[in-house]
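Keeping their order, the protein sequence lines are chains A and B. First residue of the first sequence: 1, per this note's numbering; consecutive thereafter. First residue of the second sequence: 1001, per this note's numbering; consecutive thereafter. Presented below is the structure to which this report refers.
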Amino acid sequence: MKFDIIVAGVGGQGVLSVSAVIASAAMEEGLQVKQSEVHGMAQRGGAVLANLRLSDRPIASDLIAHGRASLVLGMEPLEVLRYLEYLAPDGTVITSIHAVKNIAEYPPLDDVLAAIRRLPHAVLIDGDTLAREAGSLRAVNMVMVGAASRVLPIRPETLEHFIATRFRSKGDQVVQQNLQAFRAGREAAAA
Amino acid sequence: MADAVLLGDEAVALGAIHAGLTASYAYPGTPSTEITEFLLGYAARHGRPHAAWASNEKTAFEEALGVCFVGRRALVSMKHVGLNVAADPFMNAALVAPHGGLVVAVADDPGMHSSQNEQDSRYYADFARIVCFEPADQQEAYDMTREAYEVSERFRIPVMVRLVTRLAHARSIVRLGEPRPENPLAKPPQTTSWILLPVNARRQWKALLARQGELRDYAGGSPYNRLTEGSGRFGVITTGIARNYYLENVDDLDSKPWHLHVGVYPAPTPLIRRFTEQVDRVLVLEDGYPFVERQLRTLLPTRYTVMGRETGEVSIDGELTPDTVRQALGLPVAAGVSIDAMMPPPARPPQLCQGCPHGDSYRALKEAVASVDEAVVTSDIGCYTLGALPPYSAIESCVCMGASVGMAKGAADAGFHPAFAVIGDSTFLHSGVTGLMDAVAANTDMTLVILDNGTVGMTGAQPTVLPSSRIQTLVMGLGVDPDHCHVLSAHPRHAAENADVLKREMAHHGLSVVVLVRECLEVVREHKAATRASGAQPVAQGATS
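Right, dumping it as structure tokens:
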């Protein structure tokens, strides 16, 4: 079994947190993990990418090759388009539908979403609304982890355990918001 | 001991700690920053080792040398271009025969994710005639750093550990070994090896050259340099993380090539000869310059075909990827999913944060400059370099740490007026102060603008070596005329008066310094979060204007 994931978003959206939660849970379930991140300049509002590779056998490369990713997980829809060349033909795209329009030449959002909908396996998630309903817009990352949990080779309970661990220092309310966000994302992706 | 999940950078840090590290020094620089971040966190929890940010890579290196002078183990870490700054102590440290282990961890940035060039530090190790380790994964980063201290003390040389971005910033599981205690304090058996007067330096240089055979034997016998049997007359040499991309693809080849992996230098010549006896065609894969590839061309008779970056099988620039290696091996790259419309999507370059004080400073500067036909605005390295991009387009150069000051002086010396230099507070403390001293000595007709946000922003908000409140004292202490030294608040409500001051100082024929102060938003956020977490009363974060 191997499961390669591209997590795409914009600096400040928490791409690295998403990657870290999935990686910790995968390791807990005995999978081999390689997690490659972008630090430094790009984190200042630019395009941010994490490569996350899960396998039941040793993994050589930290980076994912073209056409091999089982999942492109988008925190932002335009960023998904940037990495489609990494997606396997039978791979899945799961993305939030909310745009971060910090560039002048952002194409019409409807066109971006329509292009993603035409892909063979695409799940579009109203991440911001679900996060707000869960109690905090900042929990949108965990909505997306919840949506991804539909295709990840990891049990949802294990993911929930690491979400609780990650936010424990911020108090019980934040933990509950993020767990709620995770469940809402998982629910939405089932529809 | 237990396993740990570590970034490549963190594996180097923990390897050094477990090797009995006494002290570690660095200046922040992507992709090396997390080495020191890890050490600072570890030191906060365990009370050792000593870990500190230094003014720049040269002072960091010299502080590390002092640790070795008294017999203890030191780590100095930096990004590749940081080694240019530290090149003077680095080259000479190879001569002094340190008896306390010295490891120089350098993180190269092939592909220039966060850098102004993609120089390959292996050339520096070769230049200084020392041993260089090039780990391929996080486990090797840990193990090799530990081994590097043994090699350093055994051969009495500094030893380099060369990382690249993709290893430095990728996380994996690392098996840890038993920690070793620190060395006892012990001055050198004789200090003449450290006194590089020509009479001593000639002797030390000869002694270093005489040890080269031992270094080659060590590297030649190291298990990190490995020959793996293949079939046929085709062979592949990999170095460092290139091995990962090779292994990712090799099973798709019809027959398995002979494979030589190089993980420690000097490159193992006898092993290379044994390898080349088996093959006629060699592909060299390196995440960096064609370093081994060039050595191979000089070693091999012309009947051999050597392929790599110099012959175009691998691009001469940029980082390796699983796909570029796949192509070099003659394998087809898998097609991803393609769509017709909207490709490629518009680029999303990094930019200043909403409300960043640098934005306010640039608006004021632009207003001042707009009042003249033409101005020179040199600048420097940091978040504020993003002021070169729209919507600001406010600066015209970014060359190396501190260059803005010297370049503005040069432009003024050549007769251009007005000349501005724009530099961040940490960059100024790193390498701008000496340039300003030159400008003070000549009372150069230029205006130095120091953007003082109280932090090293781009690398993740590390503390500057001196606080904001000391910048003005430092500038005045150099002898800048107090009438032409201003400290202003980089706040939108002061936009008009800041622009007026800049205009006035632009008109002044002589040296002016304008410090624009406001704390980085990231730092403000961090302080707020820390205050909330501790439940303490908020501390005033006012700028020091």
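Cβ atoms here follow ideal geometry from the backbone N, Cα and C, with glycine treated the same way.
- Item | Identity of the residue in B:Ala1364, B:Thr1455, B:His1046 nearest Ala1495 of chain B by Cα | B:Ala1364
- Message: What residue range does the beta strand (DSSP E) around Ile1035 of chain B cover?
- Response: Here Ile1035 of chain B belongs to no beta strand (DSSP E); instead the alpha helix (DSSP H) covers 1033 to 1046.
- Item | Rounded separation between Thr1145 of chain B and Leu1007 of chain B - CA only | 14 Å
- Residues of the segment 1449 to 1465 of chain B whose Cβ lies closer than 8 Å to any Cβ of chain A, in chain order: Met1458, Thr1459, Gly1460
- Check whether Asp126 of chain A and Leu137 of chain A have beta carbons under 8 Å apart: no
- Task: Please name the residue or residues paired with Phe3 of chain A in a DSSP beta bridge.
- Result: A:Leu54
- Reducing DSSP to helix, strand and coil, say where Cys1068 of chain B ends up. helix
- Collapsed DSSP secondary structure at Ile1272 of chain B in the structure displayed: helix
- Task: Could you tell me which of B:Asn1200, B:Cys1132, B:His1099, B:His1046 sits nearest to Ala1186 of chain B, measuring between CA atoms?
- Result: B:His1099
- Task: Enumerate in chain order the residues of its own chain whose CB-to-CB distance from Ala189 of chain A is below 6 Å, with the five nearest sequence positions on each side excluded.
- Result: Val123, Ala147, Arg150
- Message: With a threshold of 8 Å between beta carbons, is Gly11 of chain A in contact with chain B?
- Response: yes
- Item | Beta-carbon separation (whole angstroms), Ala1097 of chain B vs Ser1193 of chain B, contact threshold 8 Å | 5 Å
- Query: If we ignore side chains and look at the alpha-carbon of each, how far apart do Asp1481 of chain B and Arg1504 of chain B end up?
  - Reply: 15 Å
- Message: Quick test of the definition: if touching needs 3 or more C-beta pairs under 8 Å, does the segment 1439 to 1447 of chain B touch the segment 1342 to 1355 of chain B?
- Response: no
- Task: Kindly indicate which three-state DSSP category Val1325 of chain B falls into: helix, strand or coil?
- Result: helix
- Message: Can you check whether the C-beta of Ala1011 of chain B is within less than 8 Å of a C-beta belonging to chain A?
- Response: no
- Query: For the ligand ATP, is there a heavy atom less than 7 Å away from the beta-carbon of Leu1436 of chain B?
  - Reply: No copy of the ligand ATP occurs in the structure displayed, which carries no ligand at all.
- Is Arg1211 of chain B helix, strand or coil by DSSP? coil
- Using a C-beta to C-beta distance shorter than 8 Å, which residues of chain B count as neighbours of Val38 of chain A? His1113, His1169
- Task: Using beta-carbon positions only, say whether Ala1411 of chain B and Cys1398 of chain B come within less than 8 Å of one another.
- Result: no
- For Leu1283 of chain B, three-class secondary structure by DSSP: strand
- Query: Taking the runs of the alpha helix (DSSP H) that are 4 residues or longer, which of them lie wholly in the segment 1056 to 1143 of chain B?
  - Reply: 1057 to 1069, 1080 to 1085, 1087 to 1093, 1122 to 1128
- Query: Is the CB-CB distance between Val1314 of chain B and Leu1296 of chain B below 8 Å?
  - Reply: no
- Query: If contact means a Cβ-Cβ distance below 9 Å, which residues of the segment 89 to 109 of chain A contact chain B?
  - Reply: Pro89, Gly91, Val93, Val100, Asn102, Ile103, Ala104, Glu105, Tyr106, Pro107
- Item | Opposing strand residues paired with Thr1305 of chain B [DSSP bridges] | B:Arg1281
- chain A partners of Gln1351 of chain B, CB-CB under 8 Å? Arg44, Gly45, Gly46, Asn102
- Task: With DSSP collapsed to three states, give me the class of Gln1541 of chain B.
- Result: Bear in mind that the predicted position of Gln1541 of chain B carries a pLDDT of just 39, short of 50, making it unreliable; the figure below should be weighed with that in mind. Residue state, collapsed to three classes: coil.
- Message: If you reduce the DSSP assignment to three classes, tell me which class Leu1247 of chain B lands in.
- Response: helix
- Any C-beta of chain A under 8 Å from that of Gly1288 of chain B: no
- Counting contacts by CB-CB distance shorter than 8 Å, is Leu31 of chain A in contact with chain E? The chain inventory of the structure shown lacks chain E, comprising the protein chains A and B.
- Where does the unbroken alpha helix (DSSP H) through Gln1295 of chain B begin, and where does it stop? 1291 to 1299
- Query: Does DSSP put Ile163 of chain A in a helix, a strand or coil?
  - Reply: helix
- Query: Going along chain B, which residues have a C-beta under 9 Å from Arg68 of chain A?
  - Reply: Pro1322, Ala1334, Gly1336
- Query: Which residues, in order along the segment 1224 to 1247 of chain B, keep a beta-carbon less than 9 Å from a beta-carbon of chain A?
  - Reply: Ile1241, Arg1243, Asn1244, Tyr1245, Tyr1246, Leu1247
- Straight-line gap, Ala1530 of chain B to Ala1019 of chain B (C-alpha atoms, nearest Å): 33 Å
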